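Chains as they are written, first to last, in my numbering: chain V, 1 to 178; chain W, 1 to 299.
Okay, so here's the structure we're looking at.
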Amino acid sequence: MSWLVWRQHRQQALFGAATFALVACLLLLTGMHMHSVFDSSGLGRCLSGRGDCSNAQSAFESRFGTLRQLVPFFMVLPLLLGLFWGAPLIARDLEQGTHLFIWTQGVTRLRWLSSKLLALVLLALALAAAYAVLTRSSLGAGRAGAAAARRRRRRAIARAAGASSRVRLRAAGRRPGG
Amino acid sequence: MNASPLLEACGLGKRYGEQWALRDCTLALPRGSVVGLVGPNGAGKTTLLQLAVGVLAPSAGAILVLGEDPRDAKRVLPRVGFVGQDAPLYPNFSVGDTLTLGRHVNQRFDESWARERLQGFRIPLERKVGQLSGGQRAQVALALAKEPELLLLDEPVASLDPLARREFLVALLEGVIERGISVVLSTHLISDLERSCDYLVLLMASEVRLAGEIDTLLAEHRLLVGPRKRLRVGSGGIAAIVQERHDERQSTLIVRADGPLLDPACSQHDLDLEELILAYMGERPEMALQSLSGLEANG
Numbered sequence: 001m002s003w004l005v006w007r008q009h010r011q012q013a014l015f016g017a018a019t020f021a022l023v024a025c026l027l028l029l030t031g032m033h034m035h036s037v038f039d040s041s042g043l044g045r046c047l048s049g050r051g052d053c054s055n056a057q058s059a060f061e062s063r064f065g066t067l068r069q070l071v072p073f074f075m076v077l078p079l080l081l082g083l084f085w086g087a088p089l090i091a092r093d094l095e096q097g098t099h100l101f102i103w104t105q106g107v108t109r110l111r112w113l114s115s116k117l118l119a120l121v122l123l124a125l126a127l128a129a130a131y132a133v134l135t136r137s138s139l140g141a142g143r144a145g146a147a148a149a150r151r152r153r154r155r156a157i158a159r160a161a162g163a164s165s166r167v168r169l170r171a172a173g174r175r176p177g178g
Numbered sequence: 001m002n003a004s005p006l007l008e009a010c011g012l013g014k015r016y017g018e019q020w021a022l023r024d025c026t027l028a029l030p031r032g033s034v035v036g037l038v039g040p041n042g043a044g045k046t047t048l049l050q051l052a053v054g055v056l057a058p059s060a061g062a063i064l065v066l067g068e069d070p071r072d073a074k075r076v077l078p079r080v081g082f083v084g085q086d087a088p089l090y091p092n093f094s095v096g097d098t099l100t101l102g103r104h105v106n107q108r109f110d111e112s113w114a115r116e117r118l119q120g121f122r123i124p125l126e127r128k129v130g131q132l133s134g135g136q137r138a139q140v141a142l143a144l145a146k147e148p149e150l151l152l153l154d155e156p157v158a159s160l161d162p163l164a165r166r167e168f169l170v171a172l173l174e175g176v177i178e179r180g181i182s183v184v185l186s187t188h189l190i191s192d193l194e195r196s197c198d199y200l201v202l203l204m205a206s207e208v209r210l211a212g213e214i215d216t217l218l219a220e221h222r223l224l225v226g227p228r229k230r231l232r233v234g235s236g237g238i239a240a241i242v243q244e245r246h247d248e249r250q251s252t253l254i255v256r257a258d259g260p261l262l263d264p265a266c267s268q269h270d271l272d273l274e275e276l277i278l279a280y281m282g283e284r285p286e287m288a289l290q291s292l293s294g295l296e297a298n299g
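Here it is, written out as structure tokens:
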């Protein structure tokens, strides 16, 4: 049965894997580029300091503004995979009449359905997990940038909250970062 | 267990919504026979075959195949081969892949036998199934039908030209007789039956109209031509009148006899299978009459 699932869906699987590899390349390359610009333009240093960074920030944002238009695509990507993998899983057999063929071989319908579903669900889960890790690590602000932004926000709160609480908050902010 | 009939149906029915695709079907098909399932399109042939292979569940009554409930797939499927209408196969699989699949999804499947058989028909194993002709496809589907006790074929020759149809049926029957396989095949072409079948089931408008050994049926039915008069059922060996036609001077009847026909005024004629079937297909009288008038001219 697993042979059939592989033979019948290998094109979809290979296409899915190729799409994933393409997206991964795109995310990794742009992510690395963004990180390097974040550091080299001085924005990272500025954000971890006390000065006004709005100029550097808007320059950074306008440089990578086009990437933002891609964000909706990444949001519907899992949906597209579901459509192209999930929908034809059984519908294509019914359309071609091949369910009559495979249901009358020596394998029961339950086994046929469960092997197909299991293979698809496992593959989809694996790809989704890999995709989530990938987007988090490269499209997010990055660990250094996020930490800097977090520190800066805390400082702003602390300034407003007064001296005594400032000491406490700073200590709390440093603890997890090391 | 071998004493159980090939296929046994009792009050079997299948309903789609309000519409009965098959109703009140009661049959007992003997083992070792080649059964022809005939009837016009939409008569319920496909429904009966799909019930027999367990793809459909009956709405009424019961069906047993080789003494087992066909819904019990594990016990029945390994013993039954089924080829659906137009021989559905995965069109993007090569012939070789299709045979490999057959090995993977069947406990008993002789792949080398199937390969040899297809090579005998000069079907290239590397070609995609979607690129084969209708006849080649049917051969591949048939080669995949395991080594069954019962072979169920739904319109196996519908997509073939007359010559290929004859070749296919001859090849099918040679294989079947050699290996002692029983066959139920459906067709709407009556001429296929005479060459291949020894048992007839006629379906009309979702019901069984006639069933029996073809030789027995032919021996029982007679065409009577005589002076114009009414013949009554129950007299002179007439068990039933299938069809009657009266014109100004003479009467023409097709009757089912249960003894010697006694009326000396009538001349008796043998019927062939096509005439018999057309007589029972009362809903197409014009066709039946044409064949009758042909007979009269000959006789």
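Virtual Cβ for every residue (Gly too), placed ideally from N, Cα, C.
Please read all numbers here as calculations on a predicted model, not as lab measurements.
Subject >> Within 8 Å, strictly: CB atoms of W/L202 and W/R209 >> reply: Within the second sequence, the letter at position 202 stands for residue 202 of chain W. Within the second sequence, the letter at position 209 stands for residue 209 of chain W. Against a cut-off of 8 Å, the Cβ pair of W/R209 and W/L202 comes out as a contact.
Subject >> chain V contacts made by the region 62 to 86 of chain W, where a contact means CB separation under 9 Å >> reply: A73, K74, L77, P78, V80, G81, F82, V83, G84, Q85, D86
**OP:** Would you please state the rounded distance, in angstroms, between the beta carbons of W/T216 and W/V38? I believe it to be under 8 Å.
**Re:** Mapped onto the second sequence, residue 216 of chain W falls at position 216. Mapped onto the second sequence, residue 38 of chain W falls at position 38. In fact, because the Cβ distance is near 16 Å, the residues do not count as touching under 8 Å.
Subject >> Residue-chain proximity (V/R68, chain W), Cβ-Cβ < 8 Å >> reply: Position 68 of the first sequence, counted from the first residue, corresponds to residue 68 of chain V. Not one chain W Cβ lies under 8 Å of V/R68.
**OP:** Provide the residue span of the alpha helix (DSSP H) that contains W/Q119, from first to last.
**Re:** As a working mapping, residue 119 of chain W is identified with position 119 in the second sequence. Residues 111 to 120.
Original post:
Going along the region 85 to 101 of chain V in order, which residues come within less than 7 Å of chain W, judged by CB to CB distance?
Top reply: Q96, G97, T98, L100, F101
Original post:
DSSP puts W/Y199 in a beta bridge; with which residues?
Top reply: Indexing the second sequence from 1 puts residue 199 of chain W at position 199. W/V35, W/E213.
Subject >> 8 Å Cβ shell around W/E149 - same chain, five flanking residues per side excluded >> reply: Residue mapping note: residue 149 of chain W aligns to position 149 of the second sequence, counting from 1. Correct list, in chain order: L66, R79, V80, I181, S182.
**OP:** Mind listing the chain V neighbours of W/Q107? Cutoff is C-beta to C-beta under 9 Å, in chain order.
**Re:** The residue given as residue 107 of chain W occupies position 107 in the second sequence. Those within 9 Å of W/Q107 in chain V are G106.
Original post:
So which residues of chain V does W/P88 contact, with C-beta pairs closer than 7 Å?
Top reply: If you number the second sequence from 1, residue 88 of chain W lands on position 88. Correct list: Q96, G97, T98, L100, F101.
**OP:** At 8 Å on the CB atoms, spell out the chain W contacts of V/L4, in chain order.
**Re:** Locating residue 4 of chain V in the first sequence gives position 4, counting from the first residue. Those are L101, H104, V105, listed as they occur along chain W.
**OP:** Please determine, among W/L144, W/G135, W/P70, W/A141, the residue with the shortest C-alpha to C-alpha distance to V/R109.
**Re:** Position 109 of the first sequence holds residue 109 of chain V. Per the Cα distances, W/P70.
Subject >> Nonlocal neighbours in the same chain, by C-beta distance under 8 Å from W/E286, ignoring five residues either side >> reply: Stepping through the second sequence from its first residue, residue 286 of chain W is reached at position 286. Annotation note: pLDDT 45 at W/E286 (below 50); position unreliable, no value reported.
Original post:
Does the separation of the CB atoms of W/C266 and W/G237 fall below 8 Å?
Top reply: Here residue 266 of chain W refers to the residue found at position 266 when the second sequence is read from its first residue. Here residue 237 of chain W refers to the residue found at position 237 when the second sequence is read from its first residue. Their beta carbons are not under 8 Å apart, which means W/C266 does not touch W/G237 by this criterion.
Original post:
Should W/G212 be labelled buried (16 or more other beta-carbon atoms within 10 Å of its own) or exposed?
Top reply: As a position in the second sequence, residue 212 of chain W is number 212, starting the count at 1. The residue in question, W/G212, is exposed, as its Cβ has fewer than 16 Cβ neighbours within 10 Å.
Original post:
Exposed or buried, W/N106, counting other C-beta atoms within 10 Å across all chains shown (16 or more means buried)?
Top reply: Taking the second sequence and counting its residues from 1, the one referred to as residue 106 of chain W is at position 106. The residue is buried, with at least 16 neighbouring Cβ atoms inside 10 Å.
Original post:
Which chain V residues are close to W/F93, counting only those with a beta carbon under 9 Å from its beta carbon?
Top reply: On the second sequence, position 93 is the one that residue 93 of chain W refers to. In chain order: R7, Q8.
Subject >> V/Q105 (DSSP reduced to helix, strand or coil) >> reply: As a working note, residue 105 of chain V is residue 105 in the first sequence. Coil, per DSSP.
Original post:
By Cβ distance, which residues of its chain are closer than 6 Å to W/R137, with the 5 residues on each side in sequence left out?
Top reply: Taking the first residue of the second sequence as 1, we reach residue 137 of chain W at position 137. Only A87 meet the Cβ criterion.
Original post:
In chain V, which residues lie with their C-beta within 7 Å of the C-beta of W/D161?
Top reply: As a position in the second sequence, residue 161 of chain W is number 161, starting the count at 1. Going along chain V, no residue has its Cβ under 7 Å from W/D161, so there is no contact; the nearest lies around 22 Å.
Original post:
Do you know how far the Cα of V/V133 is from the Cα of V/L127?
Top reply: Taking the first sequence and counting its residues from 1, the one referred to as residue 127 of chain V is at position 127. Taking the first sequence and counting its residues from 1, the one referred to as residue 133 of chain V is at position 133. Approximately 10 Å, taken between the alpha carbons.
Subject >> chain V contacts made by the region 33 to 64 of chain W, where a contact means CB separation under 9 Å >> reply: Q50, V53, G54, V55
Original post:
Just to check, is the beta-carbon of W/L278 closer than 7 Å to a non-hydrogen atom of the ligand NAP?
Top reply: The model depicted lacks the ligand NAP and carries no ligand whatsoever.
Original post:
By the 10 Å Cβ neighbour count, where 16 or more other Cβ atoms means buried, how is W/E156 classified, buried or exposed?
Top reply: One-based indexing of the second sequence puts residue 156 of chain W at position 156. Checking the sequence, you will find Pro at residue 156 of chain W rather than Glu. W/P156 comes out buried.
**OP:** Decide if W/E275 is buried, meaning its Cβ has at least 16 other Cβ atoms within 10 Å, or exposed.
**Re:** By one-based count along the second sequence, residue 275 of chain W stands at place 275. Classification of W/E275: buried, given that the 10 Å Cβ count is 16 or more.
Subject >> Local Cβ density within 10 Å of W/R228, reported as buried at 16 or more and exposed below that >> reply: Residue numbering aside, residue 228 of chain W sits at position 228 when the second sequence is read from its first letter. W/R228 should be labelled exposed.
**OP:** For the beta strand (DSSP E) containing W/I177, list its first residue and its last residue.
**Re:** Counting from 1 along the second sequence, the entry for residue 177 of chain W is found at position 177. Taken as a continuous stretch (DSSP letters only), W/I177 belongs to no beta strand (DSSP E), being part of the alpha helix (DSSP H) at 162 to 179.
Subject >> Cα-Cα separation, V/G44 to V/R111 >> reply: Along the first sequence, one-based indexing puts residue 44 of chain V at 44. Along the first sequence, one-based indexing puts residue 111 of chain V at 111. C-alpha separation (whole angstroms): 56 Å.
Original post:
According to DSSP, is W/R108 helix, strand or coil?
Top reply: As a position in the second sequence, residue 108 of chain W is number 108, starting the count at 1. Correct three-state label for W/R108: coil.
Subject >> For V/L14, the residue or residues it bridges with in DSSP >> reply: In the first sequence, counting from the first residue as 1, residue 14 of chain V sits at position 14. Its beta-bridge partners do not exist; DSSP assigns none.
Subject >> Interface positions of the region 237 to 252 of chain W facing chain V (Cβ-Cβ less than 8 Å), listed along the chain >> reply: none
Original post:
Between the region 111 to 118 of chain W and the region 91 to 99 of chain W, are three or more C-beta pairs nearer than 8 Å?
Top reply: yes
Subject >> Cutoff 8 Å: W/D97 Cβ touching any chain V Cβ >> reply: On the second sequence, residue 97 of chain W is found 97 positions in, with the first residue counted as 1. Yes, contact with chain V.
**OP:** Would you mind giving the Cβ-Cβ distance between W/L273 and W/I177, rounded to the nearest angstrom? I have them listed as a contact below 8 Å.
**Re:** Within the second sequence, numbered from 1, the residue matching residue 273 of chain W stands at position 273. Within the second sequence, numbered from 1, the residue matching residue 177 of chain W stands at position 177. Their Cβ separation, rounded to whole angstroms, is 20 Å, which puts W/L273 and W/I177 out of contact at 8 Å.
Original post:
Along chain W, in chain order, which residues have C-beta atoms closer than 8 Å to that of V/R109?
Top reply: Position 109 of the first sequence, counted from the start, is the residue given in the question as residue 109 of chain V. Within chain W, the residues near V/R109 are A73.
Original post:
Alpha carbon to alpha carbon, what distance is there between W/D72 and W/G54?
Top reply: What you label residue 54 of chain W is simply residue 54 of the second sequence in a count that begins at 1. What you label residue 72 of chain W is simply residue 72 of the second sequence in a count that begins at 1. Answer to the nearest angstrom: the Cα atoms are 8 Å apart.
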